[in-house]
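Trainee: Take this structure, written in C-alpha cells, and hold onto it; I'll ask about it next.
Residue numbers (the working numbering): 38 to 279.
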C-alpha cells in the first residue's frame, strides 16, 4: 500500500538525520561558563559585576580554581584587601603547587603596594605554569608600578610571545611608552592591542588618551566617547573593605 511504501523511506530519513542535541542541564550553575561571564564583565570594566559572579562560583565551591584569577583581579580593583588575603591564605594551605595560589598571593601584595613581594609570587606562579597569562601580566605590572620600565617591558614582551592573541601585553608596552613620553611608539603598540580587541574599553581609553596627547583630538574624541558610553552602562564598583 502507499502507506507501507512510505515506511522504509521515513526510516531512512530518520537514520540519516543528525542525532538530537543532548539536553542542557543547569548551565546557569556551570562554573566554567560563569567564569567566562565574569571575565567578560571584568574586561568591560564592570568589576563589581565580575566580583558578584565569581563570588557565586566560589560560594558553591571555594576551590574552583578556574574562577580564582578573575575573582582576585576583581578584588584587587575593588580594593577588598581582607577578602584577597583570605583567599590567598586558603589556597596556600590547599594548593601550594598551583599557579592560581601564588597569583592570588601576588595580587594581595600588589594591592598593599608591596611590589617586590608581589613580583616574587607572580614569578613563582609563572614557574609553576609558564602559560598562565594573569601571572605574567601581574609580574609586568609590578615592575611598572615602581617605574622600572626596562624590566616591565621585558616581561610584557615575553607575554606577547607566549600569548600572541591577547591584547593586554601589547597594551602594557604601549602604556609604558606613554608613561615615558614616547608617544609614537605608545600609539603603535596600543593600536596593535586595538587590532586584537577593538571593543576592549581599556584599550580604547588608552588609545584615546595617546591620540589626545599627540594632538589628534577628533580621533581621540571618537575613542573616548565610545568608552564613556560603555561606562554609563556599568554598575559602579562597591566600596572597598578595610
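Backbone N, C-alpha and C fix where the C-beta goes; we use that ideal spot for every residue, glycine too.
Small disclaimer: the values here were computed from a predicted structure and weren't measured.
Should residue 279 be labelled buried (16 or more other beta-carbon atoms within 10 Å of its own) or exposed?
Mentor: At residue 279, the pLDDT of 44 sits below 50, so the modelled position is not reliable; the number obtained from the coordinates is stated separately. So residue 279 ends up on the exposed side.
Trainee: Taking only three categories from DSSP, how would you classify residue 88?
Mentor: Correct three-state label for residue 88: helix.
Trainee: Using 7 angstroms as the cut-off, classify the Cβ of residue 103 as near or not near the heavy atoms of the ligand FAD, replying yes or no.
Mentor: For the ligand FAD, the structure offers nothing, since it holds no ligand at all.
Trainee: So that I know if they touch, is there some Cβ in chain C lying closer than 8 angstroms to that of residue 74?
Mentor: The structure shown contains no chain C; it is built from a single protein chain.
Trainee: For residue 203, does the three-state DSSP call read helix, strand or coil?
Mentor: coil
Trainee: In three-state terms, what does DSSP make of residue 279?
Mentor: Annotation note: pLDDT 44 at residue 279 (below 50); position unreliable, no value reported.
Trainee: Could you have a look at residue 241 and say whether DSSP puts it in helix, strand or coil?
Mentor: helix
Trainee: Grab me the residues of residue 79's own chain with a C-beta within less than 7 angstroms of its C-beta, minus the 5 sequence neighbours each way, in chain order.
Mentor: 87, 107, 110, 111
Trainee: Would residue 95 and residue 136 be called neighbours here (beta carbons separated by less than 8 angstroms)?
Mentor: no
Trainee: Where do the N-terminal and C-terminal ends of the alpha helix (DSSP H) with residue 270 fall, by residue?
Mentor: In the DSSP assignment, residue 270 falls outside any alpha helix (DSSP H) and carries neither an H nor an E.
Trainee: For residue 193 and residue 210, which I take to be in contact (beta-carbon distance under 8 angstroms), what is that distance rounded to the nearest angstrom?
Mentor: 5 angstroms
Trainee: Provide the residue span of the alpha helix (DSSP H) that contains residue 225, from first to last.
Mentor: 220 to 233
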